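Residue numbers (UniProt numbering): 1 to 389. Glycine residues also receive a C-beta, built at the ideal position from the N, C-alpha and C atoms. The structure displayed is predicted, hence computed values, not measured ones. What follows is a short report on a single structure.
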């Protein structure tokens, strides 16, 4: 099925020469079918919603993808913004359905979340989400009436870039990514980048009113320069953590692997009062505004993590597995085995992060371990490097 910015609802969309509208295509596409979006700007002043009754199947997902190499843009900039009651603001694309595969789109300008995922077993891949007036992409329940059993589960967010999101009311809500408050099991972020968002890179906040969420997995991902936008928009309320992994002293055992935080306004990785057993393995945190790792309490499990040049000493409550973590404490990076990290351990400390064609992060030589570094092969299992791989 084909859709275009000037497609007509009355067109069937079954040929590239007679495209339908995007919103019409959403209701017409069958399980196993694909909506090919022609390039150009799809401008909306209202929210685009995929209903809960509109789903694919495990063996036949519904797909939204660009047509060839064309670049479709979902632009919600004309949505009105209510600063006095932000709950009234429309989102951009809200996916209440399940078994959808959305890839290769640009989404911008919404009055609330750019993309909101409330269904199950969806895959969001290689999106560019930016300049929304709340969090770029959020996972959460479809309605306040949804029971815990219907909280979103088993969604994959892959190689997606969320940046420059800013909430004008207070600057404290616009994260790059959020899986918070009402989240079911099996949700994964893999290969994503969160940068220049006014609040946090990732927010896995919990509240006592809704209780614990299910554990979230984050891997191969990057948070940098959060706390203000690339044009300098920020407020005194903007937190600026890279990975915020909790809230209100509720225990949730998240998993964070092979991820990197650098140059964020506040902490790189923070438990944010989560007293559980977060598992952190092969992560690197560099030059954040406060602690690179801030885990003041809990029974967290740390393996092969690398902290270098934080503004404050790390706090690492939990288990340092086989003394394989190199922490920044008292203005030095060391571990329990006597390893000491220095500038010479890195090929480069100049940020050069880009995105590969599939949307995955490409560090170049930035934070790459230099040949001969004692950190190479010093982790566990034997032969594993310390820090991100």
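For residue 23, which three-state DSSP category applies? If you number the chain shown from 1, residue 23 lands on position 23. Reduced to three states, the DSSP call for residue 23 is helix.
Is it right to say residue 211 is buried, meaning 16 or more other beta carbons lie within 10 angstroms of its own, or is it exposed? To locate residue 211, count along the chain shown from 1; it is residue 211. Exposed, since its Cβ has fewer than 16 Cβ neighbours within 10 Å.
According to DSSP, residue 37 sits in a beta bridge with which residue or residues? Numbered from 1 along the chain shown, position 37 holds the residue referred to as residue 37. Answer is 3 and 66.
Might you give, ordered along the chain, the residues of its own chain that have their beta carbon closer than 8 Å to the beta carbon of residue 14, omitting 5 neighbours on each side? Locating residue 14 in the chain shown gives position 14, counting from the first residue. Closer than 8 Å at the Cβ level, and outside the excluded window around residue 14, lie 1 and 2.
Are the beta-carbon atoms of residue 131 and residue 165 separated by less than 8 Å? Numbered from its first residue, the chain shown carries residue 131 at position 131. Numbered from its first residue, the chain shown carries residue 165 at position 165. Closer than 8 Å, so yes.
Report all residues from its chain with a CB closer than 7 Å to the CB of residue 41; omit the five preceding and five following residues, and keep chain order. Start at 1 with the first residue of the chain shown, and residue 41 comes out as number 41. If we look at residue 41 and ignore the five residues flanking it on each side, its Cβ neighbours are 5, 73 and 75.
Along the chain, which unbroken stretches of the beta strand (DSSP E) at least 3 residues long are found entirely within the region 258–321? 260–262, 279–281, 284–286, 293–303, 306–308 and 315–320
Look up residue 93 in the DSSP assignment and give the residues it is bridged to. Taking the first residue of the chain shown as position 1, residue 93 is located at position 93. In DSSP, residue 93 forms a bridge with 48 and 115.
Can you give me the start and stop residues for the beta strand (DSSP E) that residue 103 sits inside? One-based indexing of the chain shown puts residue 103 at position 103. Per DSSP, residue 103 belongs to the beta strand (DSSP E) from 100–103.
Run through the region 109–191 for me and flag every whole beta strand (DSSP E) of 3 or more residues, listed as ranges in chain order. 115–117, 123–125, 128–130, 137–139, 156–158, 161–163, 177–179 and 188–190
Cβ pair count under 8 Å reaching 3, the region 304–321 against the region 222–237: no
Other residues of its chain near residue 341: CB distance less than 6 Å, five sequence neighbours each side excluded: If you number the chain shown from 1, residue 341 lands on position 341. Here the set comprises 308, 326 and 333.
Nearest by alpha-carbon distance to residue 344: which of 23, 368, 141 and 265 is it? For the purposes of this step, residue 344 is taken as the residue at position 344 of the chain shown. For the residues 23, 368, 141 and 265, the minimum Cα distance to residue 344 belongs to 368.
For residue 114, tell me which candidate among 104, 134, 123 and 365 has the shortest Cα-Cα distance. Counting from 1 along the chain shown, the entry for residue 114 is found at position 114. Taking only the C-alpha atoms, the option nearest residue 114 is 134.
Sufficient close CB pairs (3 or more, under 8 Å) joining the region 285–294 to the region 262–271: yes
Rounded to the nearest angstrom, how far is the Cβ of residue 245 from that of residue 220, given a contact under 8 Å? Here residue 245 refers to the residue found at position 245 of the chain shown. Here residue 220 refers to the residue found at position 220 of the chain shown. Actually they are not in contact, since the Cβ atoms of residue 245 and residue 220 sit about 17 Å apart, beyond 8 Å.
Top-ranked residue by Cα proximity to residue 283, from 152, 249 and 222: In the chain shown, the residue the question calls residue 283 occupies position 283. Answer by Cα proximity: 222.
What is the rounded straight-line gap between the Cα of residue 60 and the Cα of residue 101? As a first step, residue 60 must be located in the chain shown, where it is residue number 60. As a first step, residue 101 must be located in the chain shown, where it is residue number 101. If I take the Cα positions, the gap works out to 10 Å.
Span separating the alpha-carbon of residue 257 from that of residue 270: Along the chain shown, read from residue 1 onward, the residue named residue 257 stands at position 257. Along the chain shown, read from residue 1 onward, the residue named residue 270 stands at position 270. Cα to Cα, the separation comes out at about 14 Å.
Below 8 Å CB to CB, which residues in the same chain sit around residue 247 once its five sequence neighbours on both sides are set aside? What you label residue 247 is simply residue 247 of the chain shown in a count that begins at 1. Contacts found: 180, 204, 205, 206, 207, 272, 273 and 274.
I'd like to confirm the pairing. Which residues does DSSP put opposite residue 107 in its beta bridges? One-based indexing of the chain shown puts residue 107 at position 107. Answer is 74 and 129, bridged to residue 107.
List the whole-angstrom C-beta distance separating residue 182 from residue 126, where the pair is believed to meet the contact cut-off of C-beta under 8 Å. As a first step, residue 182 must be located in the chain shown, where it is residue number 182. As a first step, residue 126 must be located in the chain shown, where it is residue number 126. Incorrect: roughly 26 Å between the Cβ atoms, too far for contact.
Below 8 Å between beta carbons: does that hold for residue 37 and residue 20? Translated into the one-based positions of the chain shown, residue 37 becomes position 37. Translated into the one-based positions of the chain shown, residue 20 becomes position 20. Contact flag unset, no.
Where the beta strand (DSSP E) through residue 333 begins and ends: If you number the chain shown from 1, residue 333 lands on position 333. Residues 332–334.
Between which two residues does the beta strand (DSSP E) holding residue 222 run? For the purposes of this step, residue 222 is taken as residue 222 along the chain shown, with counting starting at 1. Note, residue 222: beta strand (DSSP E), 222–224.
Could you work out which residue in 383, 128, 198 and 145 is closest to residue 167 when comparing CA atoms only? Taking the first residue of the chain shown as position 1, residue 167 is located at position 167. Measuring from the Cα of residue 167, the nearest candidate turns out to be 198.
At the level of alpha carbons, what is the spacing between residue 335 and residue 25? Numbered from 1 along the chain shown, position 335 holds the residue referred to as residue 335. Numbered from 1 along the chain shown, position 25 holds the residue referred to as residue 25. If you take the alpha carbons of residue 335 and residue 25, they lie about 56 Å apart.
Can the beta-carbon of residue 226 be found closer than 8 Å to that of residue 201? By 1-based counting over the chain shown, the position of residue 226 is 226. By 1-based counting over the chain shown, the position of residue 201 is 201. Yes.
Beta carbon of residue 386 nearer than 8 Å to that of residue 324: Counting from 1 along the chain shown, the entry for residue 386 is found at position 386. Counting from 1 along the chain shown, the entry for residue 324 is found at position 324. For residue 386 and residue 324, yes; Cβs fall inside 8 Å.
Pairwise C-alpha distance: residue 189 and residue 124: As a working mapping, residue 124 is identified with position 124 in the chain shown. As a working mapping, residue 189 is identified with position 189 in the chain shown. Residue 124 and residue 189: Cα-Cα distance of roughly 10 Å.
Look at the alpha carbon of residue 231 and the alpha carbon of residue 360, and state the distance between them as a whole number of angstroms. Position 231 of the chain shown, counted from the start, is the residue given in the question as residue 231. Position 360 of the chain shown, counted from the start, is the residue given in the question as residue 360. Roughly 24 Å between the two C-alpha positions.
Contacts around residue 118, its chain only, beta-carbon distance under 7 Å, and the 5 residues preceding and following it disregarded: As a first step, residue 118 must be located in the chain shown, where it is residue number 118. Within the same chain, residue 118 has close Cβ partners 94, 95, 96, 140, 141, 142 and 152.
For residue 138, which residues in the same chain have their Cβ closer than 6 Å to its Cβ, ignoring the five residues on either side in sequence? As a position in the chain shown, residue 138 is number 138, starting the count at 1. Hits under 6 Å: 113, 116 and 178.
When DSSP labels each residue in this structure, what does residue 87 get in the three-state scheme? By 1-based counting over the chain shown, the position of residue 87 is 87. Helix.
Sort out for me which residues DSSP pairs residue 42 with in a bridge. Stepping through the chain shown from its first residue, residue 42 is reached at position 42. Bridge partners of residue 42: 74.
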